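Here full-length UniProt numbering is used: the first residue of the sequence shown is 1, the next is one more, and so on.
Backbone N, C-alpha and C fix where the C-beta goes; we use that ideal spot for every residue, glycine too.
Treat the numbers as computed from the prediction; the structure is a model and nothing was measured.
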Amino acid sequence: MIALLKNKRYAFTEKDEFIDQESLLVLYAPARLSALNKMLSECGLPDVVSPVHTFVNLFFGTNKTTLRAETKRQLDEIVAALPQSQAIIHIHGHADKKPFFSVSRAESDRRNWQLSHDRAAAVATALAQRGVSKERLKIHAHS
Numbered sequence: 001m002i003a004l005l006k007n008k009r010y011a012f013t014e015k016d017e018f019i020d021q022e023s024l025l026v027l028y029a030p031a032r033l034s035a036l037n038k039m040l041s042e043c044g045l046p047d048v049v050s051p052v053h054t055f056v057n058l059f060f061g062t063n064k065t066t067l068r069a070e071t072k073r074q075l076d077e078i079v080a081a082l083p084q085s086q087a088i089i090h091i092h093g094h095a096d097k098k099p100f101f102s103v104s105r106a107e108s109d110r111r112n113w114q115l116s117h118d119r120a121a122a123v124a125t126a127l128a129q130r131g132v133s134k135e136r137l138k139i140h141a142h143s
């Protein structure tokens with residue numbers, strides 16, 4: 001859900017798994033990244049390790065835009081590593097595509113898009129409340 005780096009170089013976390021602060025710091029702290037690249041070079045491996053992560057599975061309740069309690073820990077871990085990077089953070093919101101009843105298909109699609117937008121905005125707000133510059137946060141809605 002959260003693309004932390006540019007150039008579409010991504011890795012994924014699985015449901016209910018978190019990338020902890022120490023792992024993030026290895027990726028984002030220049031000194032640690034340099035040391036890791038040096039070790040790789042000494043082993044005869046390619047000496048470029050690029051930090052790449054997409055954080056996925058920030059869940060919401062059905063038709064809800066409020067963050068669940070379990071999401072807060074993951075956001076705290078993400079924010080702990082972000083000061084090391086000035087990358088733009090792309091936040092992609094999604095809805096479950098279930099149609100809204102008693103409305104037209106077009107209205108249902110509009111509501112799902114709005115739900116997706118509001119979910120991405122909720123994540124952006126939570127990151128901003130944790131000190132991430134709003135200028136670095138870009139939200140995208142998908143229906």
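Nonlocal neighbours in the same chain, by C-beta distance under 6 Å from residue i, ignoring five residues either side
i	result
T65	D118, R119 and A122
A124	I91, L137 and I139
H94	S116 and H142
A69	none
N7	Here N7 scores only 40 on pLDDT, less than 50, and its place in the model should not be relied on; the value that follows carries that caveat. Cβ neighbours of N7 beyond the five flanking positions: none.
Euclidean distance between Cα positions of residue i and residue j
i	j	result
L58	T71	6 Å
R9	R111	Any answer about R9 is weak, because its pLDDT of 38 lies below 50 and its placement is not dependable; what the coordinates show is given next. One C-alpha to the other measures close to 31 Å.
F113	L67	The amino acid at residue 113 is misidentified as Phe; the sequence shows Trp. Each residue's Cα considered, the two are about 18 Å apart.
S133	V79	11 Å
K38	G44	10 Å
A106	T62	20 Å
M1	E42	Its pLDDT being 33, under 50, M1 is placed unreliably in this model, and the coordinates cannot settle the point.
S102	S108	9 Å
P99	F60	17 Å
Close beta carbons around residue i, own chain, < 8 Å, minus the five adjacent residues each side
i	result
Q86	R136
D76	R130
K97	N112 and S143
Residue i and residue j closer than 8 Å at C-beta
i	j	result
I89	L127	yes
For residue i, the first and last residue of its enclosing beta strand (DSSP E)
i	result
A122	Looking at the DSSP string, A122 is not in any beta strand (DSSP E); the run it does join, the alpha helix (DSSP H), is R105 to Q129.
Boundaries of the alpha helix (DSSP H) in which residue i is found, first to last residue
i	result
K97	Run containing K97: none; DSSP gives neither H nor E here.
A141	That residue, A141, is in no alpha helix (DSSP H); its beta strand (DSSP E) goes L137 to H142.
S102	That residue, S102, is in no alpha helix (DSSP H); it is neither H nor E in DSSP.
residue 144	As displayed, the chain neither begins before 1 nor continues past 143, which places residue 144 out of reach and without an answer.
Sheet register partners of residue i (DSSP bridge)
i	result
I89	L137
7 Å Cβ shell around residue i - same chain, five flanking residues per side excluded
i	result
residue 144	The structure shown does not extend to residue 144, since the chain spans only 1 to 143, so no value can be given for it.
S104	none
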